[in-house]
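Chains as they are written, first to last, in this note's numbering: chain L, 2 to 199; chain Y, 4 to 228; chain A, 20 to 176. We put the CB at the ideal spot given by N, CA and C, even for glycine. These numbers were taken from a predicted model, which means no experiment stands behind them. Some notes on the structure that comes next.
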Amino acid sequence: MANQERKHEDQALVERAVQGDQKAFRQLVERYQRKVYTIAYGIVRNPDAAMDVVQDAFVKVHRHLPNFKGDSSFYTWLYRIVVNLCIDRKRRAARAAEVDYDDALAHGDGFTNGPTLASTGIESPLKAAQRKELVEHMDKALETLSDDHREILLLREVDGLSYEELAETLDIAKGTVMSRLFHARKNFQKSLTRYLKK
Amino acid sequence: MNCNEVKTLLMPFHDGELDPAVAAEVETALSGCPECQVELEELSRLHTFAADAFTATVPEVDLSGVYDGVMARIAAEDAAEATSNAIEGVRVQREDAAPGLIDRIGTWFSELFRLQRPVTAFVAAAAVAALVAGVWFSGSQSTSPGERVDGGDPGIAKIDNNGKRRGREGEVSVTSSRVEAIADKGEVKVITFDDSDDEPIVLWHVVEGEGVSMPNGSSNGTKGL
Amino acid sequence: MLKTLITAALTAGLLIAPGAAFAGTSAEPAAVRMANARADIDVVVIHATKDGEVDRALAGLAKTLTRAFKGYSGFSKLDESKASLTEGDAHQLRLANGRELSYKFVGVDRDGFLQVHIEVDGLRSTVRVKDGGTFFQAGRGYKDGMIVLAFKARLAR
Numbered sequence: 002m003a004n005q006e007r008k009h010e011d012q013a014l015v016e017r018a019v020q021g022d023q024k025a026f027r028q029l030v031e032r033y034q035r036k037v038y039t040i041a042y043g044i045v046r047n048p049d050a051a052m053d054v055v056q057d058a059f060v061k062v063h064r065h066l067p068n069f070k071g072d073s074s075f076y077t078w079l080y081r082i083v084v085n086l087c088i089d090r091k092r093r094a095a096r097a098a099e100v101d102y103d104d105a106l107a108h109g110d111g112f113t114n115g116p117t118l119a120s121t122g123i124e125s126p127l128k129a130a131q132r133k134e135l136v137e138h139m140d141k142a143l144e145t146l147s148d149d150h151r152e153i154l155l156l157r158e159v160d161g162l163s164y165e166e167l168a169e170t171l172d173i174a175k176g177t178v179m180s181r182l183f184h185a186r187k188n189f190q191k192s193l194t195r196y197l198k199k
Numbered sequence: 004m005n006c007n008e009v010k011t012l013l014m015p016f017h018d019g020e021l022d023p024a025v026a027a028e029v030e031t032a033l034s035g036c037p038e039c040q041v042e043l044e045e046l047s048r049l050h051t052f053a054a055d056a057f058t059a060t061v062p063e064v065d066l067s068g069v070y071d072g073v074m075a076r077i078a079a080e081d082a083a084e085a086t087s088n089a090i091e092g093v094r095v096q097r098e099d100a101a102p103g104l105i106d107r108i109g110t111w112f113s114e115l116f117r118l119q120r121p122v123t124a125f126v127a128a129a130a131v132a133a134l135v136a137g138v139w140f141s142g143s144q145s146t147s148p149g150e151r152v153d154g155g156d157p158g159i160a161k162i163d164n165n166g167k168r169r170g171r172e173g174e175v176s177v178t179s180s181r182v183e184a185i186a187d188k189g190e191v192k193v194i195t196f197d198d199s200d201d202e203p204i205v206l207w208h209v210v211e212g213e214g215v216s217m218p219n220g221s222s223n224g225t226k227g228l
Numbered sequence: 020m021l022k023t024l025i026t027a028a029l030t031a032g033l034l035i036a037p038g039a040a041f042a043g044t045s046a047e048p049a050a051v052r053m054a055n056a057r058a059d060i061d062v063v064v065i066h067a068t069k070d071g072e073v074d075r076a077l078a079g080l081a082k083t084l085t086r087a088f089k090g091y092s093g094f095s096k097l098d099e100s101k102a103s104l105t106e107g108d109a110h111q112l113r114l115a116n117g118r119e120l121s122y123k124f125v126g127v128d129r130d131g132f133l134q135v136h137i138e139v140d141g142l143r144s145t146v147r148v149k150d151g152g153t154f155f156q157a158g159r160g161y162k163d164g165m166i167v168l169a170f171k172a173r174l175a176r
């Protein structure tokens, strides 16, 4: 679905939700919950924490929806909320006493250690192992990219920013967004393919 | 629209970034240009490769309970807000919250996390309640707000609480002129205090799963959660 | 605005999170400045268990401990730390369970109570204590029991 259409639909849902239409709010939740989870997971790297963030984010959305002015898109607003929650969470985790290494593994507190296998419970061990391997390959492949390319790729593929948002965020022209994104994808594909072949 | 123009628009077309009107034009042009179609396929493959890779790194997760969870939490927060406004001074007892609500929260909480980690309903409910409603107190006989109890053993710290406020999102902070504690999500923090000189102040910090539970109803008046 | 936020997120996400960075800031109740106020704060780290007896080294605290922690009869002393702190000064102590405790003398307030701010493993709290008074922090599991921290604060003269 083109961005414009989606934005219009979101706006309509928001307006209805503000009036108290629960179904509209539910649609917004279901529409974006996976995206929120993906973004949160990308930052906190822990399935339980990411789940908490999903819930926190939508509770916050519900509370502040009347204040949402609509000068940005709903998704941008939601995105900010999610990222802020994740940053707060990371700050609090860093402030707590040094986590015992064993403790961290036991609780799946993989803020720095990446996804742990134990916490999800719905993945088959095989799938989880494959995913872990893929993550390692991807990290390596991402590292081979230039900073600009890595940044735009993550912002687009993980965070789902539109071209316009990318242009605003990175402070570049839309044309530059397109060419940079194209090259980023190309280089990433080349690099990851190389690692996967190993 | 000639082929060169179309080719420059293929990526935004694939990414859904074109205005509907322009997108329609591209579609029309595509039907007449096999070369363009091939290029679109290439672009699509390139993009999907990256997108799939990123999606695949996110663990599978069951999000079906999210909406219900969100609504339950909102209901709990609203209820707690109503309750707390009616309470003055120190005693915010768990009996004040309708037991039904806590049970429901407990069930929902366990449900939501059933795939992720086992959580006993009660502690879970307490954690949620602690999070949303404030730090739960258990203590001995209440004094009226603001009344200070003095005297007795000079070695014991005194406390009186006469205020309660909400801190940052996700935290509840109880502020009085004497004690401030911050509770984080997933943990139950309770301050036990006493207004007689027999019982010292204990700042309890209980984390679910650690095998330490709150002391339950005993002659010193501390009630369990 | 969005840019700064995203940069922060990327930094947070892509960099390895640092280890313990003690930050002792939360809103603290206003303390009245007493010129050159200094407090001696003692912390005793205790292992409390349901069985057992009170360590002889804890004789002075025995009565208070058994009153405060009904259900626990065994208390053994694991560690002790004494610090003499001026206002705003903090002191750190590594505990037996691997956590780090940090406590700070905030100041003396109008009523003569000493304010002590403690941070340990996610709990942050400021307690107001009478000169010479005692308070506890408890509840984190350790071996077959729990850790109890006994704080005593006294104005240095």
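Just to check my reading of the structure: A175/A and G126/A have Cβ atoms closer than 8 angstroms, yes? What is that Cβ distance to the nearest angstrom? Contact between A175/A and G126/A fails: their C-beta atoms lie close to 13 angstroms from each other, not under 8 angstroms.
**Message:** Would the stretch 33 to 41 of chain L count as touching the stretch 77 to 84 of chain L if we require 3 or more Cβ pairs under 8 angstroms?
**Reply:** Contact holds between the stretch 33 to 41 of chain L and the stretch 77 to 84 of chain L, because three or more Cβ pairs, one in each stretch, are under 8 angstroms apart.
So with Cβ pairs under 8 angstroms, would you call I77/Y a contact of chain L? yes
- Check the Cβ-Cβ distances between F155/A and every residue of chain Y, and say whether any is below 8 angstroms. yes
Please list the partners that V61/Y has in chain A, where partner means a Cβ-to-Cβ separation under 7 angstroms.
The contacting residues do not exist; V61/Y stays about 13 angstroms from chain A at best.
Checklist entry - If we call anything under 8 angstroms between Cβ atoms a contact, is V235/Y one with M52/L? => result No answer is possible for residue 235/Y: the residues shown for chain Y start at 4 and end at 228.
*Helix, strand or coil at T39/L according to DSSP, with G and I counted as helix*: helix
Review point. Does the distance from the C-beta atom of V136/L to that of T60/Y stay below 8 angstroms?
Key: yes
Quick one: what does DSSP say R46/L is sitting in, helix, strand or coil?
Collapsing the DSSP output to three states places R46/L in coil.
Using 8 angstroms as the threshold, is the C-beta distance between V159/L and G21/L below it? no
Taking only three categories from DSSP, how would you classify A79/Y? helix
* Could you give the distance in angstroms between the alpha-carbon of A32/Y and the alpha-carbon of M14/Y? -> 15 angstroms
For a cutoff of 8 angstroms on Cβ pairs, would you count E42/Y as touching chain A? For E42/Y, the closest Cβ of chain A is not nearer than 8 angstroms.
| said: Helix, strand or coil for S95/A? Go by DSSP, reduced to three states. | reply: strand
query: Within the 8 angstroms Cβ cut-off, does H17/Y reach chain L?
result: no
So what does DSSP say about S121/A, is it helix, strand or coil? strand
Requested in this report: Starting from the Cα of W78/L, find the closest Cα among L146/L, G161/L and R17/L and give me that residue.
Outcome: G161/L
- prompt: Buried or exposed: which applies to V41/Y, given that a residue is buried once 16 or more other Cβ atoms fall within 10 Å of its Cβ?
  reply: exposed
Length at least 4, wholly inside the stretch 132 to 194 of chain L: the alpha helix (DSSP H) runs in chain order | 148 to 158 and 164 to 171
* To do: Check each candidate in R17/L, R92/L and H9/L and name the one with the smallest Cα separation from D72/L.
  => For D72/L, the closest C-alpha among the options R17/L, R92/L and H9/L is that of H9/L.
Check your understanding: Using 8 angstroms as the limit for Cβ to Cβ distance, is G214/Y near chain L?
Key -> By this cut-off, G214/Y is not an interface position.
Nearest-angstrom Cα separation, counted from E84/Y out to E138/A: 28 angstroms
Express the C-alpha separation of H208/Y and R159/A in angstroms, rounding to a whole number.
7 angstroms
**Study point:** Interface residues of chain Y facing H184/L [CB-CB closer than 8 angstroms]
**Key:** In chain order: nothing, as chain Y lies at least about 10 angstroms away.
### Task
Give a yes or no on whether the C-beta atoms belonging to D140/A and T68/A are separated by under 8 angstroms.
Going by C-beta atoms, D140/A is not nearer than 8 angstroms to T68/A.
Would you give the residue range spanned by the beta strand (DSSP E) that D61/A belongs to? R57 to T68
Review point. Quick one: what does DSSP say S283/Y is sitting in, helix, strand or coil?
Key: There is no way to answer for residue 283/Y, as the model of chain Y reaches only from 4 to 228.
Next on the checklist: Measuring straight from C-alpha to C-alpha, what distance separates D22/Y and D140/L?
Outcome noted: 35 angstroms
### Query
Under the three-state reduction of DSSP, which class applies to Q20/L: helix, strand or coil?
Q20/L falls in the coil class under three-state DSSP.
Note to self: Quick check: is the beta carbon of K91/L nearer than 8 angstroms to any beta carbon in chain Y?
What the structure shows: no
Determine the chain L residues that contact M4/Y at a beta-carbon separation under 9 angstroms, and present them in chain order. One finds nothing in chain L with a Cβ atom closer than 9 angstroms to the Cβ of M4/Y; even the nearest lies about 17 angstroms away.
Buried or exposed by the 16-neighbour rule on C-beta atoms within 10 Å, applied to S163/L: buried
Notebook entry, point to check: If A169/A sits next to T145/A, beta carbons under 8 angstroms apart, how far is it from one beta carbon to the other, in whole angstroms?
Noted result: Contact flag wrong, Cβ pair sits at about 17 angstroms.
DSSP beta-bridge partners of L133/A
V127/A and V148/A
Problem - Contact list for V2/Y against chain A, beta-carbon separation under 8 angstroms - result: Outside the displayed span of chain Y (4 to 228) sits residue 2/Y, for which this structure offers no information.
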